[in-house]
Amino acid sequence: MLCLILSLNQKLIWNNYYLEGGALKNEFECFEIALDWKQNYYLSPKVIRKIRQISIKQGIKLIVHTPYYLPTSTMLPEIQKRVLENVRKGINLAREVKSNKLTIHPGYQEMPGSAIKYCYNSLINNLQKIVNIGQEYDVKICFENFDKPLLCSELKDYLYVLNSVDGLMATLDVGHANTTNNKPSEFLKEIRNLLMD
1 MLCLILSLNQ
11 KLIWNNYYLE
21 GGALKNEFEC
31 FEIALDWKQN
41 YYLSPKVIRK
51 IRQISIKQGI
61 KLIVHTPYYL
71 PTSTMLPEIQ
81 KRVLENVRKG
91 INLAREVKSN
101 KLTIHPGYQE
111 MPGSAIKYCY
121 NSLINNLQKI
131 VNIGQEYDVK
141 ICFENFDKPL
151 LCSELKDYLY
161 VLNSVDGLMA
171 TLDVGHANTT
181 NNKPSEFLKE
191 IRNLLMD
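What the sequence shown shows, in the UniProt record's numbering, is residues 1 to 197, in sequence order.
This is the structure:
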């Protein structure tokens, strides 16, 4: 499935530039709404309706992407609470635009070097909570690999997390995979059965 990943701008969506002009013209099958930018984080009801109408009319699947900088692997309870609130916001937007997918990144390493296992343990626990929330609303959580040298950039680490969280799906970022010691084709071979559909 080819997916166009762009940051929506509320003014441009009215020209149908990204969704119709970009995704449809280039025969993409899905379109990602990235919540990395302020203009996407607070989409108006009017824009949400327009996005939903275009996607339904044209048969384009929509995916909501939480901010790439969301500290998903945090060990701090106060920040974990905020991460879950942010995920719920993304899930609500996904439901509003009639999507059943939410993409999430692993976050960043809080602990130094040899203590990285604590970051991975926290990431796995947090992702299981996130997947459980997604299941309450029939939204699949799709875990995206990060670029080197961040968490889950290497295939073995990415697979470890994917296989440790029940119900977690995979999103392969080929650009990120190209920064690692593995080829994107190796990622694809290993995660084929976990890729979002």
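Built from N, CA and C at the ideal position, the CB exists for glycine as well.
Remember, it's a predicted structure, so these values are computed and weren't measured experimentally.
What did DSSP end up calling I60 once you bin it into helix, strand or coil?
coil
Mind reading off the beta-carbon distance from G59 to L102? Whole number of angstroms is fine, and I expect it under 8 Å.
20 Å between Cβ atoms; not a contact.
Less than 7 Å between C-beta atoms, sequence neighbours within five positions excluded: which residues of the same chain meet that for M1?
Confidence is the limiting factor: at M1 the pLDDT is only 49, short of 50, which leaves the residue's position unreliable and the question unanswerable from this model.
Is it buried or exposed, K140, if we count other Cβ atoms within 10 angstroms and call 16 or more buried?
buried
Hey, is A94's beta-carbon within less than 8 Å of any beta-carbon in chain D?
Absence of chain D from the displayed structure is noted, only one protein chain being present.
Roughly how many whole angstroms lie between the Cα atoms of S55 and G113?
44 Å
Kindly identify the DSSP beta-bridge partner or partners of T171.
E144
Determine the burial state of G107: buried for a count of at least 16 other Cβ atoms within 10 Å of its Cβ, exposed for fewer.
Classification for G107: buried.
Using a Cβ-Cβ cutoff of less than 8 Å, which residues in the same chain neighbour V131 once the five nearest sequence positions on both sides are dropped?
Residues of the same chain with a CB within less than 8 Å of the CB of V131, apart from the 5 flanking positions on each side, are I141, V165, D166, G167, L168 in chain order.
Grab the span of the beta strand (DSSP E) containing K156 for me, first residue to last.
No beta strand (DSSP E) holds K156; the alpha helix (DSSP H) holding it covers 155-164.
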